[in-house]
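Student:
Number of protein chains: 2
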Amino acid sequence: MIEAQHAGVTSFAGVQRAREYVRMHADRFVRELTEFVRFPSIGAQPQRAGEVLRCAKWLANHLSGIGLPWVRLVKTDGHPIVHARWTRDANRPTLLIYGHYDVQPVDPEKEWRHPPFHPKVVGRDLYGRGACDDKGQLFVHVKALEAFLKTSGALPINVHCVFEGEEESGSSSLEKALVDRPQEFAANACIVSDMSMPAPGRPAITYSLRGSWSCEIEVTGPRSDLHSGVFGGVAHNPLQVLGEVIAGLHDDLGRIDVPGFYSNVRSWSAQERAYMRRVGPSDEALLRSAGARAGWGESGYSLYERATIRPALTINGLSGGYQGAGPKSVIPARASTKINFRLAADQDPKEVERSFRRHVARVLPPTVTARITGDIAARPVVIDREHPVIEAAIDACRRGFGREPVFLRSGGTIPVVSLFQERLGLPLVLLGFALPTDGMHAPNEKFHLPNFFGGIATSIEFLAEMARRRDLRPR
Amino acid sequence: MIEAQHAGVTSFAGVQRAREYVRMHADRFVRELTEFVRFPSIGAQPQRAGEVLRCAKWLANHLSGIGLPWVRLVKTDGHPIVHARWTRDANRPTLLIYGHYDVQPVDPEKEWRHPPFHPKVVGRDLYGRGACDDKGQLFVHVKALEAFLKTSGALPINVHCVFEGEEESGSSSLEKALVDRPQEFAANACIVSDMSMPAPGRPAITYSLRGSWSCEIEVTGPRSDLHSGVFGGVAHNPLQVLGEVIAGLHDDLGRIDVPGFYSNVRSWSAQERAYMRRVGPSDEALLRSAGARAGWGESGYSLYERATIRPALTINGLSGGYQGAGPKSVIPARASTKINFRLAADQDPKEVERSFRRHVARVLPPTVTARITGDIAARPVVIDREHPVIEAAIDACRRGFGREPVFLRSGGTIPVVSLFQERLGLPLVLLGFALPTDGMHAPNEKFHLPNFFGGIATSIEFLAEMARRRDLRPR
Numbered sequence: 206m207i208e209a210q211h212a213g214v215t216s217f218a219g220v221q222r223a224r225e226y227v228r229m230h231a232d233r234f235v236r237e238l239t240e241f242v243r244f245p246s247i248g249a250q251p252q253r254a255g256e257v258l259r260c261a262k263w264l265a266n267h268l269s270g271i272g273l274p275w276v277r278l279v280k281t282d283g284h285p286i287v288h289a290r291w292t293r294d295a296n297r298p299t300l301l302i303y304g305h306y307d308v309q310p311v312d313p314e315k316e317w318r319h320p321p322f323h324p325k326v327v328g329r330d331l332y333g334r335g336a337c338d339d340k341g342q343l344f345v346h347v348k349a350l351e352a353f354l355k356t357s358g359a360l361p362i363n364v365h366c367v368f369e370g371e372e373e374s375g376s377s378s379l380e381k382a383l384v385d386r387p388q389e390f391a392a393n394a395c396i397v398s399d400m401s402m403p404a405p406g407r408p409a410i411t412y413s414l415r416g417s418w419s420c421e422i423e424v425t426g427p428r429s430d431l432h433s434g435v436f437g438g439v440a441h442n443p444l445q446v447l448g449e450v451i452a453g454l455h456d457d458l459g460r461i462d463v464p465g466f467y468s469n470v471r472s473w474s475a476q477e478r479a480y481m482r483r484v485g486p487s488d489e490a491l492l493r494s495a496g497a498r499a500g501w502g503e504s505g506y507s508l509y510e511r512a513t514i515r516p517a518l519t520i521n522g523l524s525g526g527y528q529g530a531g532p533k534s535v536i537p538a539r540a541s542t543k544i545n546f547r548l549a550a551d552q553d554p555k556e557v558e559r560s561f562r563r564h565v566a567r568v569l570p571p572t573v574t575a576r577i578t579g580d581i582a583a584r585p586v587v588i589d590r591e592h593p594v595i596e597a598a599i600d601a602c603r604r605g606f607g608r609e610p611v612f613l614r615s616g617g618t619i620p621v622v623s624l625f626q627e628r629l630g631l632p633l634v635l636l637g638f639a640l641p642t643d644g645m646h647a648p649n650e651k652f653h654l655p656n657f658f659g660g661i662a663t664s665i666e667f668l669a670e671m672a673r674r675r676d677l678r679p680r
Numbered sequence: 206m207i208e209a210q211h212a213g214v215t216s217f218a219g220v221q222r223a224r225e226y227v228r229m230h231a232d233r234f235v236r237e238l239t240e241f242v243r244f245p246s247i248g249a250q251p252q253r254a255g256e257v258l259r260c261a262k263w264l265a266n267h268l269s270g271i272g273l274p275w276v277r278l279v280k281t282d283g284h285p286i287v288h289a290r291w292t293r294d295a296n297r298p299t300l301l302i303y304g305h306y307d308v309q310p311v312d313p314e315k316e317w318r319h320p321p322f323h324p325k326v327v328g329r330d331l332y333g334r335g336a337c338d339d340k341g342q343l344f345v346h347v348k349a350l351e352a353f354l355k356t357s358g359a360l361p362i363n364v365h366c367v368f369e370g371e372e373e374s375g376s377s378s379l380e381k382a383l384v385d386r387p388q389e390f391a392a393n394a395c396i397v398s399d400m401s402m403p404a405p406g407r408p409a410i411t412y413s414l415r416g417s418w419s420c421e422i423e424v425t426g427p428r429s430d431l432h433s434g435v436f437g438g439v440a441h442n443p444l445q446v447l448g449e450v451i452a453g454l455h456d457d458l459g460r461i462d463v464p465g466f467y468s469n470v471r472s473w474s475a476q477e478r479a480y481m482r483r484v485g486p487s488d489e490a491l492l493r494s495a496g497a498r499a500g501w502g503e504s505g506y507s508l509y510e511r512a513t514i515r516p517a518l519t520i521n522g523l524s525g526g527y528q529g530a531g532p533k534s535v536i537p538a539r540a541s542t543k544i545n546f547r548l549a550a551d552q553d554p555k556e557v558e559r560s561f562r563r564h565v566a567r568v569l570p571p572t573v574t575a576r577i578t579g580d581i582a583a584r585p586v587v588i589d590r591e592h593p594v595i596e597a598a599i600d601a602c603r604r605g606f607g608r609e610p611v612f613l614r615s616g617g618t619i620p621v622v623s624l625f626q627e628r629l630g631l632p633l634v635l636l637g638f639a640l641p642t643d644g645m646h647a648p649n650e651k652f653h654l655p656n657f658f659g660g661i662a663t664s665i666e667f668l669a670e671m672a673r674r675r676d677l678r679p680r
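One line per chain: the protein sequences are A and B, in this order.
Heads up: the first sequence is residues 206 to 680, going by this note's numbering.
Heads up: the second sequence is residues 206 to 680, going by this note's numbering.
1. What residue ranges within the stretch 383 to 431 of chain B form continuous beta strand (DSSP E) runs of no fewer than 3 residues, ordered along the chain?
2. In chain order, what residues of the same chain lie with their CB nearer than 8 Å to the CB of Pro620(A), ignoring the 5 residues before and after it?
3. Short of 6 Å in beta carbon distance, which residues of its chain neighbour Leu569(A), apart from the five on each side in sequence? Order them along the chain.
4. Determine which residues share a DSSP beta bridge with Ser524(B) and list them.
5. Cβ of Thr618(B) less than 7 Å from any chain A Cβ?
6. Between Glu666(A) and the rest of its own chain, which residues show a CB-CB distance below 6 Å, the 5 nearest in sequence each way excluded?
7. On the three-state DSSP scale, how would you describe Ala218(B)?
8. Could you check whether the Cβ of Ala645(A) sits closer than 7 Å to any Cβ belonging to chain B?
9. Cβ of Trp418(B) less than 7 Å from any chain A Cβ?
10. Taking Pro310(A) as the query, report the chain B residues whose CB atoms sit under 7 Å from its CB, ordered along the chain.
11. Do you know how far the Cα of Gln552(A) is from the Cα of Glu225(A)?
12. Counting along the chain, where does the alpha helix (DSSP H) carrying Leu447(A) start and finish?
13. Looking at the C-beta of Arg241(A), does it have a partner C-beta in chain B at a distance below 7 Å?
14. Nearest-angstrom Cα distance between Ala265(A) and Phe436(B)?
15. With a 10 Å radius around its C-beta and 16 neighbouring C-beta atoms as the bar for buried, classify Gln309(B) as buried or exposed.
16. What does the alpha-carbon distance come out to for the pair Leu629(A) and Val424(A)?
17. Taking the runs of the alpha helix (DSSP H) that are 4 residues or longer, which of them lie wholly in the stretch 473 to 510 of chain A?
18. Could you please give me the residues that DSSP links to Trp291(B) through a beta bridge?
19. If you measure from the beta carbon of Leu343(B) to each beta carbon in chain A, is any gap under 7 Å?
20. Excluding the 5 residues preceding and the 5 following Tyr332(B) in the sequence, name in chain order all residues of the same chain whose CB lies nearer than 8 Å to its CB.
21. Answer with buried or exposed for Leu458(A), where buried requires no fewer than 16 other C-beta atoms within 10 angstroms of its C-beta.
22. CB Ile588(A) to CB Tyr303(A), shorter than 7 Å?
23. Interface residues of chain B around Glu449(A) at Cβ under 9 Å?
24. May I have the straight-line CA-CA distance separating Ala647(B) from Ala538(A), to the nearest angstrom?
25. Only counting the same chain, and skipping five residues up and downstream in sequence, which positions put a Cβ closer than 7 Å to that of Arg259(A)?
26. Excluding five sequence neighbours on each side, which residues of the same chain lie with their C-beta closer than 6 Å to the C-beta of Val364(B)?
27. By the 8 Å beta-carbon criterion, what residues does the stretch 500 to 524 of chain B contribute toward chain A?
28. Between Arg674(B) and Ala404(B), what straight-line distance do the alpha-carbon atoms span, to the nearest angstrom?
29. Near Met517(A), which residues of its chain fall below 6 Å by C-beta distance, leaving aside the five closest residues on each side in sequence?
30. When DSSP builds the beta bridges, which residues end up paired with His564(B)?
31. Check the DSSP bridge columns for Thr281(B) and list the partner residues they point to.
32. With 8 Å as the C-beta to C-beta threshold (strictly closer), list the residues of the stretch 426 to 447 of chain B near chain A in chain order.
33. Name the chain A residues that come within less than 7 Å of Leu491(B), Cβ to Cβ?
34. Are the CB atoms of Val463(B) and Ser560(B) nearer to each other than 7 Å?
35. Apart from the five residues on each side of it in sequence, which residues of its chain come closer than 8 Å, Cβ to Cβ, to Pro679(B)?
36. Could you name the residues that DSSP lists as bridge partners for Lys325(B)?
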């Protein structure tokens, strides 16, 4: 009986039943997503660990509820991995669906029009932290699986769901699991939905991600805070030192002024750059979605190129001295800054870390000391646009959104994705459903619900198409 | 009867009675100061307004309690001025005793070994925010007045006590009162104890103060926070812009690199600089009290000169982006910094403000906007070391501490003091009792109690000496 269903699931009728099921249950899907977004699962903040765990349990429970027979909450040194499997037929391919249930911090909290963890539908958007990054996008695939399981009692192909709680803080537990026990994640392809599409109804396949290396620099000057009247002009101020270090990180051409930094950055052919110009966003479009008045960055490259095939260095935060109301005459004893590098193809985060540490040691004045603490490290990802699994994804987009997908590069990073590619050897499909205006990482994050449903339809079509294609059968 | 006491109060016996009274009530004085320090009267923080008012009322009440017949809590647009008078004899000089009951903010709070508003005596030091700046130093004079009033029923000279609650945030209410109603503050001299002495038992008279101008710069870039992966390398980061602005504020010689900034700075004679070398702290001593590993600042000047006769620019605080635990991939929409200028003799804060605003407008890139909000402005103060009231103070130090005072310049600022000098034409005595290690404005602020009592004795001697000197009689 199950075998019979399994056969029927990939048929036109099976796919139609699944898509009809989605239309019937659309309101409930939004309610469930709202429930999911309500968890303040900020993985990077230790005080939220309890909430992160509750969110993981809710998700695991939900996966059981939709009919997945094997669901585990995998303990780690950090937050648990939610792992679910449906593997019935060794002759069919296995797809690893990756997502993350942790979310970014919410500050500046006062800029949210609705509280970030009281999600709210306004018009056709669901507002809330994590609505699109990545709870909503992960849920796209969960609902596609549910639609097959509830209408055909089976899935078209074998599936692993691997949903982690540490993506926004570096994925170290999942990386460890992938390295230590790769056999548990054995698959033939991997799909990730944690990126953008250019406009509503305009699907996109992402074919490169930048790598990343983050660190925090703490500069220490005088033994304790000093009166800036009494000692102003005498003691070097850690805040000023940080300002000087930061100002020296870019040259006049907008290039990162760290010796050796560009030595491995891949150059792209004139052909590829022309392709990017043709399909990618214009400078104007990028500025509009950034809400910035003028472009900035490395001369000689379009803004789209600067954001994708060129590396970037960003000051994510800086803190020191008095930050309350009114003035305070103080030379702070210490100050710190959070810095993030985005790495272009062929850059290695370890090498970047080495050059940066050397650079800071070289430019730091003898009046202070500095401590650099490294954090997230991820290698850049480049995907072959002509792989069969990408062809399946193109086909799925056509049927799910009724439109040809565009091929885009992303400036973002999904730390663990490079491991799926390098360690597990999986071909990747990066299929994003967030809009540039959805505010990933910003206040008032939202998910555009027509993209949610377009995404579910596309995921249903993709699962079926993977089952149909001979070139994706396991050998 | 009162007149007879009034006559006797300046006699050797009258002074001895007052000093004996202090010895008898020393423990109570410390308890009362502890009570005073307990009020969290942080004038710069609006949410503390109630506490500041309670502190002012306590102080006014205390002044009535020691026997001052005329005490007023003067309402202002900000925090009240505590004003008390004892004026009996038009033939005797009138001394204006200035102090402030507001205190600095306490952050970083976690660095305090005892809670800042639970004052505690450890050894011979009283720890607590405001213990020396300025509650303890103000109390020195209050207790001297009490000693005369309780032993002779009179004071040697006429006295105004003017204690404000806005010194740490710019003294604007008191300045307004001085400008609008100078007659209410008519006096022949002014004493201020809100500065340092070099070591225990080593009294000091301060003969110059730097001026001050403070401001906050807020830099705004993109309309809202951006994902630093997606937009890193494309949008100019307000934190980076602040770093660049800050780095450009000093040149390679440690001079402030704002056009026109030095044009009015007074040059001092070789003789005066030699005097400063002789009596002032060495570079080593200043570094020791700063707890700094190496000197910094304007080349061509000693550290003592850099801290007193040369101007300085300090970054008091900087804030922007993500400051919580872990990383966050964000380009913040805005960032802000608090900057303080200390001004040398003959510099005008208004001119400094103009040059600085021009400079920022000139260096700011077109990718961002900036808003500069000016705050505290105070002119520098220079005092004639040979004025008769200074001679009276030297004499008082000899008798109060048993030792000759040293003459020091201070790098600090007391905004209202320049107004006493310029608007009211009062000769100034700046007689400080805080140690360089007492941590004014820093965590673990304290007051060295032997200096508290040495100060009270000196204040008693000073009041008597002012009464005795013919050259201080009003004409």
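Quick reminder that beta carbons are idealized off the backbone N, C-alpha and C, glycines included.
Tutor: In brief:
1. 394 to 397, 409 to 414, 416 to 425
2. Glu372, Gly375, Ser376, Glu380, Ser417, Ile581, Ala582, Ala583
3. Ala575
4. Ser524(A), Ser541(B)
5. yes
6. Ala601, Arg604, Gly605
7. helix
8. One point to set straight first is that residue 645(A) is Met, not Ala, in the sequence displayed. It does: the Cβ of Met645(A) has a partner Cβ on chain B nearer than 7 Å.
9. no
10. Tyr527, Gly529, Lys533
11. 46 Å
12. 443 to 452
13. In the sequence on display, residue 241(A) carries Phe and not Arg. Chain B, which has no Cβ nearer than 7 Å to the Cβ of Phe241(A), makes this no.
14. 33 Å
15. buried
16. 40 Å
17. 475 to 484, 488 to 495
18. Val364(B)
19. no
20. Arg318, His319, Pro324, Lys325, Val326, Asn649, Glu650, Lys651
21. exposed
22. no
23. Gly448, Ile451, Ala452, His455
24. 10 Å
25. Phe244
26. Trp291, Leu300
27. Gly500, Trp501, Gly502, Glu503, Leu508, Arg511, Ala512, Arg515, Pro516, Ala517, Leu518, Thr519, Ile520, Asn521, Gly522, Leu523, Ser524
28. 29 Å
29. Position check: residue 517(A) holds Ala in this sequence, whereas Met was assumed. Counting only Cβ-Cβ distances below 6 Å, and skipping sequence neighbours, we find Arg547.
30. Bridge partners of His564(B): none, in fact.
31. Thr281(B) is not bridged to any residue.
32. Gly426, Pro427, Arg428, Ser429, Asp430, Leu431, His432, Ser433, Gly434, Val435, Phe436, Gly437, Gly438, Val439, Ala440, His441, Asn442, Leu444, Gln445, Leu447
33. Val439
34. yes
35. Ala295, Asn296, Arg297, Pro298, Thr299, Asn393
36. Tyr332(B)
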